[in-house]
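Colleague:
2 protein chains.
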Amino acid sequence: MSGKRSLVRSGTTVDQMVRAIADRIVTGYLRPGERLDEGSLAARFDVSRTPVREALGHLSAMGLVERRPNRGAIVAVVTQEHLASMFESMAELEAICARFSAERMTGGERRSLEIEHLASARLVQMGAEEDYEYFNTEFHTRLYRGAHNTHVHDLTVMTRSRLAPFRRAQFMLPGRLAKSWQEHDVIVTAIMRGDGAAAGKAARDHVSIVSEASAVFAAVDPVHPEVSQSARR
Amino acid sequence: MSGKRSLVRSGTTVDQMVRAIADRIVTGYLRPGERLDEGSLAARFDVSRTPVREALGHLSAMGLVERRPNRGAIVAVVTQEHLASMFESMAELEAICARFSAERMTGGERRSLEIEHLASARLVQMGAEEDYEYFNTEFHTRLYRGAHNTHVHDLTVMTRSRLAPFRRAQFMLPGRLAKSWQEHDVIVTAIMRGDGAAAGKAARDHVSIVSEASAVFAAVDPVHPEVSQSARR
DNA sequence: GGCGAGGCAAGTGCATGCACTTTTTGCCCT
DNA sequence: AGGGCAAAAAGTGCATGCACTTGCCTCGCC
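First to last, the protein sequences are chains A and B. Residue numbers are given in my numbering: position 145 of the first sequence equals residue 179, and the series is strictly consecutive. Residue numbers are given in my numbering: position 216 of the second sequence equals residue 250, and the series is strictly consecutive.
1) Tell me whether Met160 (chain A) is buried or exposed, calling it buried when 16 or more other Cβ atoms sit within 10 Å of its Cβ.
2) Which residues in chain B sit within 8 Å of Arg179 (chain A), going by Cβ to Cβ distance?
3) Can you give the beta carbon distance from Ser119 (chain B) to His185 (chain A), rounded, assuming they're within the 8 Å contact cut?
4) Kindly list the residues whose CB is nearer than 7 Å to the CB of Asp71 (chain A), restricted to its own chain and excluding five residues on each side of it in sequence; keep chain order.
5) Using a C-beta cutoff of 7 Å, does His258 (chain B) count as contacting chain A?
6) At a Cβ threshold of 7 Å, is Asn170 (chain B) touching chain A?
7) Using the C-alpha atoms, what's the distance from Ala247 (chain A) back to Ala233 (chain B)?
8) Between the C-alpha atoms of Ser94 (chain B) and Asp49 (chain A), what's the straight-line distance to the nearest angstrom?
9) Would you mind telling me which residues of chain A sit closer than 7 Å to Thr223 (chain B), beta carbon to beta carbon, in chain order?
10) Among all the DSSP beta bridges, which residues are the ones paired with Arg69 (chain A)?
11) What's the gap between the Cα of Ile130 (chain B) and the Cα of Ala181 (chain B)?
12) Just how far apart, CA to CA, sit Ala198 (chain A) and Gly73 (chain B)?
13) For the ligand ADP, I want to know if Ser146 (chain B) counts as a neighbour, meaning its beta carbon is within less than 6 Å of at least one of the ligand's heavy atoms.
14) What in chain A is Cβ-close to Ala54 (chain B), meaning under 8 Å?
15) Three or more beta-carbon pairs under 8 Å between the segment 98–113 of chain A and the segment 107–116 of chain B, yes or no?
16) For Ser17 (chain B), I'd like the list of residues in its chain whose CB is within less than 6 Å of its CB, leaving aside the five on either flank, ordered along the chain.
17) May I have the straight-line CA-CA distance separating Ser82 (chain A) from Glu68 (chain B), to the nearest angstrom?
18) According to a CB-to-CB cut-off of less than 9 Å, which residues of the segment 68–88 of chain A neighbour chain B?
19) Nearest to Trp215 (chain B) by alpha carbon, out of B:Met51, B:Glu100, B:Arg156, B:Glu143?
20) If I measure Cβ to Cβ from Ala224 (chain A) and keep anything under 7 Å in the same chain, skipping five residues before and after, which residues do I get?
21) Under 8 Å Cβ to Cβ from Thr193 (chain B), same chain only, skipping five residues before and after it: list those, please.
22) Are the C-beta atoms of Met51 (chain B) and some chain A residue less than 7 Å apart?
23) If I'm right that Arg196 (chain B) touches Leu64 (chain B) with Cβ under 8 Å, what's the distance once you round it to whole angstroms?
24) Alpha carbon to alpha carbon, what distance is there between Tyr166 (chain A) and Thr46 (chain B)?
25) If contact means a Cβ-Cβ distance below 7 Å, which residues of the segment 96–112 of chain A contact chain B?
26) Within the continuous beta strand (DSSP E) that includes Arg156 (chain A), where are the two ends?
27) Taking beta-carbon pairs under 7 Å, can you tell me which members of the segment 118–140 of chain A lie near chain B?
28) For Ala54 (chain B), which residues from the same chain have a beta carbon less than 6 Å from its beta carbon, with the 5 sequence-adjacent residues on both sides left out?
29) Secondary structure at Asp49 (chain B), three-state DSSP: helix, strand or coil?
30) Distance cutoff 7 Å, beta carbons only. Does Leu189 (chain A) sit that close to anything in chain B?
31) Which residues in the same chain as Ala132 (chain B) place their Cβ atom closer than 6 Å to its Cβ, once the five residues preceding and following it in sequence are excluded?
32) Given a cut-off of 7 Å on the beta-carbon distance, is the pair Val52 (chain A) and His92 (chain A) in contact?
33) How long is the line joining the alpha carbons of Arg28 (chain B) and Ala89 (chain A), rounded to whole angstroms?
This is how it looks when you write it as structure tokens:
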């Protein structure tokens, strides 16, 4: 994963690091509260501290890491309250996307959405959780794009990425797969009908249910005994 | 406005620059497409290029500046389409905030919202555009906070700041002041009633109207004929 | 006279070094 | 023995320097 790419001055070095670090946070490889020390990261990516700092700047602006002046950076710690607020936002954003999608999707978009959705039923039957999760991501991405609003798209993708660490286990709840598909079905049906209000409501409900499912794991999740309260001062 | 304070290593140096530059962009002092050369900025703020780069990183992540690898940074150029998408997002976000505010504001919040709103009627009578604009910002900020959802709050504030350059002239349209107040009034009334749906709709309409008003100026505002010179030296 | 190659200047990307701040560790005093 | 206290260690913040890239300009060639 690291590689000794230092030959090309492509200018994307920092971006690669941002993606790499973001990925580790999003996939849970790096836990909230974990220290991100510039020196170690520099060594890990085989660059100097300068690009590392820049990458941390980006990540901080993205909200994935928290930077304390003169005290280093840590993987962003989200309180239960903030987490709840993000899930709620996500539900609203998805509702907007679904509503707009119902009103604006092109014929082609509607068609491929329905086709993929119907195809995914097989994944449910087979209980292919991994594959279904991939499809699920695709499905939602289609809604974001179908809204034909770049800014809403960006806000939604951004929020989703910040929630990613807390959603990983959502399909491990028994029966969640089939229920997820049925919820998708309601959304798709509403979109095909062009019924924005219904699509929005269905999408909001869908996310709300996911958020409740995830909340279980979020509560159980603390691997760290007591990262929660950091000593201030 | 440079200031030669470099005594304190407070760690907020970069943040100050971010705010300063963001402010210049947001207030239109720096025009879209304008070049942001690291050396000049470094000289202007009397620091080295390193913190400038970091600040530009932040701003880029915020979407206020655009960074081309090896080719420097420019003030973000927003297309008409993207601008429209941001205004539309803003309307939706404000609708969410208003809806949540109607459902969740505390008694104190409702009361002070109404009081301030009623007080602002005098500004309208007096035609105090400047003061009303300040109040207007306050008013909307109250809605964002009243939603009791930090993430929605953040998204909304962020979107508003990116739209700021395009809203400056909104109250220069004749009669806009009074109309704005009336629209606020509808929102406040709905919130006091606890009617989320009505508050949301009213807020969405309010922003939509502002966006149409601003669109006029946005059209007049094409990129960079040349920068108005107020930068001394 | 136009067109492409080479070189020059401007400017970005990153490494390194030093100053300063925070944190830790060992020590002294009560 | 325990609780500060001070000095060192660790780590961040910024300046500086150099390599590389890009854009422009000039000069040779067609």
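All C-beta atoms in this analysis are idealised placements derived from N, C-alpha and C, irrespective of residue type, glycine included.
Modeller: Quick look at the numbers:
1) The count along the first sequence starts at 1 and reaches residue 160 (chain A) at position 126. Of the other Cβ atoms in all chains shown, fewer than 16 fall within 10 Å of the Cβ of Met160 (chain A); this residue is therefore exposed.
2) Counting from one through the first sequence, the residue named residue 179 (chain A) turns up at place 145. Contact of Arg179 (chain A) with chain B by beta-carbon distance below 8 Å is absent, the smallest such distance being about 12 Å.
3) Against the second sequence, residue 119 (chain B) aligns to sequence position 85. Against the first sequence, residue 185 (chain A) aligns to sequence position 151. Sure, about 4 Å apart at Cβ, within 8 Å.
4) Here residue 71 (chain A) refers to the residue found at position 37 of the first sequence. Within the same chain, Asp71 (chain A) has close Cβ partners Gly106.
5) Taking the second sequence and counting its residues from 1, the one referred to as residue 258 (chain B) is at position 224. Interpretation of His258 (chain B) is limited by its pLDDT of 37, a score under 50 that renders its predicted location unreliable; the figure taken from the coordinates is listed afterwards. It does not: the Cβ of His258 (chain B) has no partner Cβ on chain A nearer than 7 Å.
6) Within the second sequence, numbered from 1, the residue matching residue 170 (chain B) stands at position 136. Output row for Asn170 (chain B): interface = no.
7) Counting from 1 along the second sequence, the entry for residue 233 (chain B) is found at position 199. Counting from 1 along the first sequence, the entry for residue 247 (chain A) is found at position 213. Rounded to the nearest angstrom, the two C-alpha atoms are 30 Å apart.
8) Translated into positions along the second sequence, residue 94 (chain B) becomes position 60. Translated into positions along the first sequence, residue 49 (chain A) becomes position 15. Their backbone Cα atoms lie some 12 Å apart in a straight line.
9) Start at 1 with the first residue of the second sequence, and residue 223 (chain B) comes out as number 189. Chain-ordered listing is empty here: chain A has no CB closer than 7 Å to the CB of Thr223 (chain B), the nearest sitting near 23 Å.
10) Your numbering for residue 69 (chain A) matches position 35 in the first sequence. Arg69 (chain A) pairs with A:Ile108.
11) Walking along the second sequence from the start, residue 130 (chain B) turns up at place 96. Walking along the second sequence from the start, residue 181 (chain B) turns up at place 147. Distance between the alpha carbons of Ile130 (chain B) and Ala181 (chain B) is about 8 Å.
12) Locating residue 198 (chain A) in the first sequence gives position 164, where the first residue counts as 1. Locating residue 73 (chain B) in the second sequence gives position 39, where the first residue counts as 1. Cα atoms of Ala198 (chain A) and Gly73 (chain B): separation of roughly 39 Å, rounded to the nearest angstrom.
13) Looking at this structure, you won't find the ligand ADP or any other ligand, since it has none at all.
14) Residue numbering aside, residue 54 (chain B) sits at position 20 when the second sequence is read from its first letter. Chain A residues near Ala54 (chain B): none, gap ~16 Å exceeds 8 Å.
15) Counting Cβ pairs under 8 Å, fewer than three are found: no touch.
16) Because chain B is modelled from 35 through 267, residue 17 (chain B) falls outside the range shown and cannot be assessed.
17) Residue numbering aside, residue 82 (chain A) sits at position 48 when the first sequence is read from its first letter. Residue numbering aside, residue 68 (chain B) sits at position 34 when the second sequence is read from its first letter. So the two alpha carbons sit approximately 31 Å from each other.
18) Those residues of the segment 68–88 of chain A that come within reach of chain B (Cβ to Cβ, closer than 9 Å) are Thr84, Arg87, Glu88.
19) Within the second sequence, the letter at position 181 stands for residue 215 (chain B). When C-alpha distances from Trp215 (chain B) are compared across B:Met51, B:Glu100, B:Arg156, B:Glu143, the shortest belongs to B:Arg156.
20) Looking up residue 224 (chain A) in the first sequence gives position 190. The answer, listed in chain order, is Ala136, Ala232, Ala233, Ala236.
21) Numbered from its first residue, the second sequence carries residue 193 (chain B) at position 159. Scanning its chain for C-beta atoms nearer than 8 Å, with the 5 sequence neighbours on each side dropped, one finds around Thr193 (chain B) the residues Met120, Ser123, Met124, Leu127, in chain order.
22) Reading the second sequence from its first residue, position 17 is the one you call residue 51 (chain B). At a cut-off of 7 Å between beta carbons, Met51 (chain B) makes no contact with chain A.
23) As a working mapping, residue 196 (chain B) is identified with position 162 in the second sequence. As a working mapping, residue 64 (chain B) is identified with position 30 in the second sequence. Wrong, their Cβ atoms sit about 14 Å apart, outside the cutoff.
24) Walking along the second sequence from the start, residue 46 (chain B) turns up at place 12. Walking along the first sequence from the start, residue 166 (chain A) turns up at place 132. Thr46 (chain B) and Tyr166 (chain A): Cα-Cα distance of roughly 45 Å.
25) Taking 7 Å as the Cβ-Cβ cut-off against chain B, the residues of the segment 96–112 of chain A that qualify are Met96, Pro103, Asn104.
26) Here residue 156 (chain A) refers to the residue found at position 122 when the first sequence is read from its first residue. Arg156 (chain A) -> not in any beta strand (DSSP E); alpha helix (DSSP H) instead, spanning 141–160.
27) Answer in chain order: Ser119, Met120, Glu122, Ser123, Glu126, Ile130.
28) Walking along the second sequence from the start, residue 54 (chain B) turns up at place 20. Nothing listed; no residue qualifies.
29) Locating residue 49 (chain B) in the second sequence gives position 15, counting from the first residue. Here DSSP, grouped into helix, strand and coil, assigns Asp49 (chain B) to helix.
30) Residue 189 (chain A) sits at position 155 when you count from the first residue of the first sequence. Yes, because at least one Cβ of chain B sits closer than 7 Å to the Cβ of Leu189 (chain A).
31) As a working note, residue 132 (chain B) is residue 98 in the second sequence. Only Leu177, Ile221, Ala233, Gly234, Ala237 meet the Cβ criterion.
32) Within the first sequence, the letter at position 18 stands for residue 52 (chain A). Within the first sequence, the letter at position 58 stands for residue 92 (chain A). Cβ atoms of Val52 (chain A) and His92 (chain A): closer than 7 Å.
33) No information on residue 28 (chain B) is available, as it lies outside the stretch 35 to 267 that chain B covers here.
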